[in-house]
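*Asks:* Sequence order for the protein chains is A and B. All letters in the first sequence, in the order written, are residues 21 to 248 by my numbering. All letters in the second sequence, in the order written, are residues 194 to 391 by my numbering. All C-beta atoms in this analysis are idealised placements derived from N, C-alpha and C, irrespective of residue type, glycine included.
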Amino acid sequence: MREDTKKLIEDLAGDTESLTPAPPVRARFFAWMAISCICLSVGVVFAHPRRDLQELITDPMFLVEAISIISTALFAGLTALILSVPGLSFGKAKRAFLWSVIGWVISFTIAVSYRISFSPQNMQHFTHGFLCSRTLILFSLVPAVALFGLVRIASPQQMYAAGFFLLLSAGLIGTLGVELTCPSDDFLHIVIFHFLPPVVLGAVGMVVGRRFLQRKWKKPSGTENTER
Amino acid sequence: MRDILWNLPCNDFSPGKTVSMSDALPVLSWSEMAALAQGGDQEVYSVLLEEVYRIIEKFLASRISDPGQREDICQEILLSVHLSLPTFHPKNSFHAWLFTIARRRLIDFLRLKKKRSGEAAVEGSFFDDFRAPEEHAGFAEFIEVMSQLSEQKRQALSLVHLQGLSTSEAAARLEISETNLRVTLHRAVKTVKDALTS
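Structure (structure tokens):
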């Protein structure tokens, strides 16, 4: 063992204050779900729900689509949280990942087929798309920040994957918010401005995750100040 | 912590006998040691980190040949273990937890190495001729050792290890059997290795 390794072990052993157990995945998941629900409700109230929402929530197809989006968002969020605990990453994360992919495919397929069936192909709605994307990002902002904090307090080892699922789930919360507020039924609009942004956000999350999810160790104050 | 140690089924460990902490601690399981470290026991934590180092060193020995690099990865893993220890739950397997971290750090290291070797290859093509003569010293020594080898050994080494031919291709080129080539190669490598290390 090299001298600097011995010194490192001494330094690390002297810093037991930062070893307090992190909250379990389940507790963090429920905390994130609560935050997301509150944000979604407040966001829908502020952004004004679509006029035909009462009719829409009685439509079984819309309900299936909404449930698929919610379940995908929850599974993706759960995957990000599972990936933040070493050793849990393999079996459980793979299952959660699989379910999130299945949920995503179901919600996407339902949304597209449902809209195509009666969409008036009104291209006017298409022009409002960027407004929808902006609203989606605003809806997903707080859930993303909250989930980022909840993932980072643990110790994600696969930063790319954790970042991807983190922003994918937050983006899907945004998709649900926009689905409840945007009056457009144009299927192209739905696909491009409601369903594509979470995937783009997921890709951004891979970069963000790599850059910001990795924690660095600082020697406790009172000793030589080094960052590794 | 003392109470836990007293209750352990270890014959050599009794209140009347002096036993050093590092001798006594291995009777605790890793999960128990990690739990004690989470509770703030610095002495146990120090022993745990040394144990982790020992295991990780063995794990890396077959994967990384350069001892310096191996030590660097060990340090990275120790840091990751420290940062991740709050996520460890004593009910879970410490091995699974530890080796997930070790594998990830190893993968990160190999990726970085691959990236750097790619950059170095590009850099090398431009700047090879401008290197200081002392940087070529190792290569010059290698050439000298090669020149002292027999013709067959030199050709075998050159075809397989420098030109990258398969043993069957090299054997065909040298018009000898594959087994013969392998023996020649083994002897050539040994000679070069001995000459360079002496």
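How would you call Gln74 of chain A, buried or exposed, if buried means at least 16 neighbouring beta carbons within 10 angstroms?
*Replies:* Looking at its Cβ environment, which holds fewer than 16 other Cβ atoms inside 10 Å, Gln74 of chain A is exposed.
*Asks:* Please report whether the beta-carbon of Leu278 of chain B lies at a distance below 8 Å from any beta-carbon of chain A.
*Replies:* Cβ-Cβ to chain A under 8 Å: yes for Leu278 of chain B.
*Asks:* Helix, strand or coil for Lys308 of chain B, going by three-state DSSP, please let me know.
*Replies:* Residue state, collapsed to three classes: helix.
*Asks:* Can you give me the C-alpha to C-alpha distance between Leu128 of chain A and His209 of chain A, rounded to a whole angstrom?
*Replies:* Strictly speaking, residue 128 of chain A in this sequence is Phe, with Leu absent from that position. Approximately 13 Å between the Cα atoms of the pair.
*Asks:* Indicate whether at least one CB of chain A lies closer than 8 Å to the CB of Ala254 of chain B.
*Replies:* Chain A, which has no Cβ nearer than 8 Å to the Cβ of Ala254 of chain B, makes this no.
*Asks:* Where does the unbroken alpha helix (DSSP H) through Lys284 of chain B begin, and where does it stop?
*Replies:* First-last for Lys284 of chain B: undefined, no H or E at that position.
*Asks:* Within the same chain, show all residues whose beta-carbon is closer than 7 Å to that of Ala174 of chain A, passing over the 5 residues directly before and after it, in chain order.
*Replies:* Excluding positions up to five away in sequence, the list reads Ala42, Ser104, Val105.
*Asks:* Quick one: what's got a C-beta closer than 8 Å to Glu328 of chain B's C-beta in the same chain, skipping five residues either side?
*Replies:* Note on Glu328 of chain B: pLDDT 47, under 50, position unreliable in the model; the coordinate value appears next. Excluding sequence neighbours, Glu328 of chain B sits near nothing in its chain.
*Asks:* Have a look at B:Glu250, B:Gly233, B:Ser310 and flag the residue whose alpha-carbon is nearest the alpha-carbon of Leu299 of chain B.
*Replies:* The shortest C-alpha separation from Leu299 of chain B is found at B:Glu250.
*Asks:* If we count Cβ pairs, one from each stretch, closer than 8 Å, do we get three or more for the segment 81 to 90 of chain A versus the segment 38 to 58 of chain A?
*Replies:* Output reads no: the segment 38 to 58 of chain A does not touch the segment 81 to 90 of chain A.
*Asks:* Please tell me whether Val65 of chain A has its Cβ less than 8 Å away from any Cβ of chain B.
*Replies:* Answer no: the Cβ-Cβ gap between Val65 of chain A and chain B never drops below 8 Å.
*Asks:* Can you confirm whether Ile58 of chain A, when its beta carbon is compared against all beta carbons of chain B, has any partner nearer than 8 Å?
*Replies:* With 8 Å as the cut-off, Ile58 of chain A does not count as an interface residue toward chain B.
*Asks:* With a floor of 4 residues, list each alpha helix (DSSP H) that falls wholly inside the segment 153 to 207 of chain A, ordered by position along the chain.
*Replies:* For the segment 153 to 207 of chain A, whole alpha helix (DSSP H) runs of length 4 or above, ordered along the chain, are 179 to 201.
*Asks:* Could you give the distance in angstroms between the alpha-carbon of Val227 of chain A and the alpha-carbon of Ser61 of chain A?
*Replies:* One C-alpha to the other measures close to 30 Å.
*Asks:* Give the DSSP-derived three-state secondary structure of Lys236 of chain A in the structure shown.
*Replies:* Here Lys236 of chain A sits in coil by DSSP.
*Asks:* Measure the C-alpha to C-alpha separation of Ile77 of chain A and Thr195 of chain A and round it to an integer number of angstroms.
*Replies:* Answer to the nearest angstrom: the Cα atoms are 16 Å apart.
*Asks:* Taking 8 Å as the CB-CB cut-off, is Ile294 of chain B touching chain A?
*Replies:* It does: the Cβ of Ile294 of chain B has a partner Cβ on chain A nearer than 8 Å.
*Asks:* Chain B beta carbons: is any one of them nearer than 8 Å to that of Ala174 of chain A?
*Replies:* Judged by the 8 Å Cβ criterion, Ala174 of chain A is in contact with chain B.
*Asks:* Distance, Cα to Cα, Ile369 of chain B vs Leu305 of chain B?
*Replies:* The straight-line gap from Cα to Cα measures roughly 41 Å.
*Asks:* Taking only beta-carbon atoms, is Ser310 of chain B less than 8 Å away from chain A?
*Replies:* It does not: the Cβ of Ser310 of chain B has no partner Cβ on chain A nearer than 8 Å.
*Asks:* Nearest chain A C-beta to Arg297 of chain B closer than 8 Å, yes or no?
*Replies:* It does; some Cβ of chain A falls within 8 Å.
*Asks:* Return the residues of the segment 155 to 174 of chain A that lie within a Cβ-Cβ distance of less than 7 Å from chain B, sorted by chain order.
*Replies:* Within the segment 155 to 174 of chain A, the qualifying residues are Ala174.
*Asks:* Taking 8 Å as the cut-off, decide whether the C-beta atoms of Arg263 of chain B and Leu272 of chain B are in contact.
*Replies:* The answer is no: Cβ separation not under 8 Å.
*Asks:* In chain B, which residues lie less than 9 Å from Leu208 of chain A when you measure between Cβ atoms?
*Replies:* Those do not exist, as Leu208 of chain A stays about 39 Å from chain B at its closest Cβ, beyond 9 Å.
*Asks:* Given that Val105 of chain A touches chain B, what residues does it touch there, using C-beta distances under 7 Å?
*Replies:* Those are Thr280, listed as they occur along chain B.
*Asks:* What do you reckon, are the CB atoms on Val65 of chain A and Ile102 of chain A nearer than 8 Å?
*Replies:* Not in contact: Val65 of chain A and Ile102 of chain A (Cβ atoms no closer than 8 Å).
*Asks:* Looking at Thr92 of chain A and Gly123 of chain A, is the spacing between their C-beta atoms short of 8 Å?
*Replies:* Yes, the pair counts as a contact, with Cβ atoms nearer than the cut-off.
*Asks:* Who are the near neighbours of Tyr180 of chain A in its chain, counting only those whose CB is closer than 7 Å to its CB and skipping five residues on each side?
*Replies:* Met226, Gly229, Arg230, listed in sequence order.
*Asks:* Looking only at C-alpha atoms, which of A:Pro218, A:Leu118, A:Ile126 sits nearest to Leu161 of chain A?
*Replies:* Among A:Pro218, A:Leu118, A:Ile126, the Cα nearest to that of Leu161 of chain A belongs to A:Pro218.
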